[in-house]
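Here it is, written out as structure tokens:
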């Protein structure tokens, strides 16, 4: 582990929290807390809004170590691409290098290949370059909205983001190594490590055909800039249409396997019920499970929040974002009658089938009372968001039709 | 990349203005010197450029403003849980049953190899299950 930052082992450390807190000057603006209340059923829903993390702007603090940072939802109203400094952050293990030397970094490709590789970033920068817009969404995005509630990171809807990713095709890298016949999977590891010896290193794998499909890529830029360290500098895996758990950050090792991957993070963690919408009843047992995989369509309001007041009888501009999951958006529809009648919203420019798509519409507010709007996305495979929320013990794959409740006054 | 550098500089300023105690990760504790401000102000980091893209090496500090668990019985939780994750992991959780908390603690011990003494488990579970929400 000396090839990315020679001194990193000696740098690994924990800062003793109590000491820090006791010694901080009370007037330091970095500690002037702002709070946000997420709309989570039964709470606790107050979170700190933080600007304390390196290369990151205003973020919702879900957990400081290892960092879980949620994108404030208003950010999604600003455009289809999520700014790098407000892109959500999620790490499993607390030993994350704080120092990465771009010149010393190497990506190894090994295992069931003809020629093991050790590639520098310069090697990768000179390979054929590709770009793709793609949504990166945590498997557990919106977990805090599950009812009954489930343990885990208590995200609202901001554990997702869309970026234009620049890098190289995984297939091109694997072809340089020469995948041997009999290979079944590619397994990916980053620079992060467990705190405790013997704990399972974070490893994820893709079937070899998926790994070689020409879309899965290694990205060294997002939105035209290098990745923030917390988003995986110098390079992360991009798996368009699939949940973020596969998008290994600080990717430095690819192992080609000739047998199915039975490591903990594939065999035990990130499993979903093998049922429609990964849906089961609370308490249900005995169902088969599979590794989480393709994303499902979603759509969100970005300029209206629950409880907002609108003028009676006036036209109301409504807008939001949608994504198809593992394919493009065909349409976004709105309903103002609880989901009986639907009419199409206008779609913004298509920046790529795996990315966010803007949508907008004008709605006439009633003369009095309340107004509840619903938005639903249909994707290119014909999949429509469900009217009822799914449930599973992992809090995975929420994609229910969203509603916003407005006050007319 | 001005934004990145200013963010880094900000982190350096926080560190420089604060006396930090550093400890090593489990199994590697001891012998870690305090972080010196001078150490953070390294020369310009090496870069890699090719094909019109430049990547700048990164050297940052993570903030650490972890809360501590408080109240009766908090010590055993502070001593056993905060090595791997901050208290926020727990304090953001919804109300969970005692059975669910027991399962979480066992998962931390058995799967994630948290070095928690079996004798401490009942007290930890009791604290977590009775934490006001």
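Protein chains in written order, with this note's numbering: chain A, 8 to 416; chain X, 1078 to 1210. Backbone N, C-alpha and C fix where the C-beta goes; we use that ideal spot for every residue, glycine too.
For residue 340 (chain A), the secondary structure class from DSSP, reduced to helix, strand or coil, is strand. In the three-state reduction of the DSSP assignment, residue 150 (chain A) falls in the helix class. Contact note: residue 1133 (chain X) reaches chain A through 109, 233, using a C-beta cutoff of 7 Å and chain order. For residue 212 (chain A), DSSP records a beta bridge to A:194.
Interface annotation, residue 1209 (chain X): not in contact with chain A, CB-CB separation never under 7 Å.
Residue environment: residue 146 (chain A) is assigned as buried (16 or more neighbouring CB atoms within 10 Å of its CB, all protein chains considered).
By the Cβ rule, the region 1126 to 1146 of chain X counts as touching the region 40 to 60 of chain A, because three or more pairs are nearer than 8 Å. Residue 1184 (chain X): member of the alpha helix (DSSP H) spanning 1175 to 1187, first to last residue. Residues of chain A whose Cβ lies closer than 9 Å to the Cβ of residue 1161 (chain X) are, in chain order, 72, 73, 100, 101, 201, 202, 203, 206. When DSSP states are grouped into helix, strand and coil, residue 122 (chain A) belongs to the coil group. Short of 8 Å from the beta carbon of residue 102 (chain A), and not among the five residues preceding or following it, lie these beta carbons of its own chain, in chain order: 19, 199, 200, 201, 202. Per DSSP, the unbroken alpha helix (DSSP H) holding residue 271 (chain A) starts and ends at 271 to 274. Listed along chain X, the residues sitting closer than 7 Å to residue 128 (chain A) by beta-carbon distance are 1125, 1132. Burial state of residue 252 (chain A) is buried, judged by a 10 Å Cβ sphere holding 16 or more other Cβ atoms. Going by DSSP, residue 1198 (chain X) is part of the alpha helix (DSSP H) stretching over 1198 to 1206. Among the residues facing chain X, residue 135 (chain A) is not included, as its CB has no counterpart in that chain under 7 Å away. Taking one beta carbon from each stretch, the region 140 to 160 of chain A and the region 179 to 197 of chain A have fewer than 3 pairs nearer than 8 Å; the two do not touch. Looking at the DSSP output, residue 133 (chain A) shares a beta bridge with no other residue. Per the Cβ contact rule, the region 113 to 132 of chain A is in contact with the region 237 to 253 of chain A (3 or more Cβ pairs under 8 Å).
Chain A places a beta carbon closer than 7 Å to that of residue 1189 (chain X), counting this residue as a contact.
Against chain A, the CB of residue 1170 (chain X) has a partner CB under 7 Å away; the residue lies at that interface. In the DSSP assignment, the residues bridged to residue 114 (chain A) are A:126.
Within 7 Å of the CB of residue 210 (chain A), no CB atom of chain X is found; the nearest one sits about 14 Å away. Listed as beta-bridge partners of residue 384 (chain A) by DSSP are A:339. For residue 52 (chain A) and residue 275 (chain A), the gap between their C-alpha atoms comes out near 29 Å. Neighbours of residue 1181 (chain X) in chain A, taken as residues at a C-beta separation under 7 Å, are given in chain order as 158.
Short of 8 Å from the beta carbon of residue 369 (chain A), and not among the five residues preceding or following it, lie these beta carbons of its own chain, in chain order: 322, 323, 324, 325.
Contact between residue 280 (chain A) and residue 399 (chain A) holds, since their C-beta atoms are separated by about 5 Å, short of 8 Å. When Cβ-Cβ separations below 7 Å define contact, residue 1193 (chain X) makes no contact with chain A. One thing to note: residue 1128 (chain X) has its Cβ within 7 Å of the Cβ of residue 132 (chain A).
Residue range 258 to 264 is occupied by the beta strand (DSSP E) that includes residue 260 (chain A), with no alpha helix (DSSP H) assigned at that position. From the listed residues A:257, A:180, A:269, the smallest Cα separation to residue 104 (chain A) is found for A:257.
Straight across, the Cα-Cα distance linking residue 178 (chain A) with residue 168 (chain A) is about 25 Å. Residue 215 (chain A) sits away from residue 184 (chain A), with the two beta carbons spaced by 7 Å or more.
The Cβ atoms of residue 378 (chain A) and residue 341 (chain A) do not sit closer than 7 Å to each other. Under the Cβ distance rule, residue 252 (chain A) does not count among the residues neighbouring chain X, no pair being separated by less than 7 Å.
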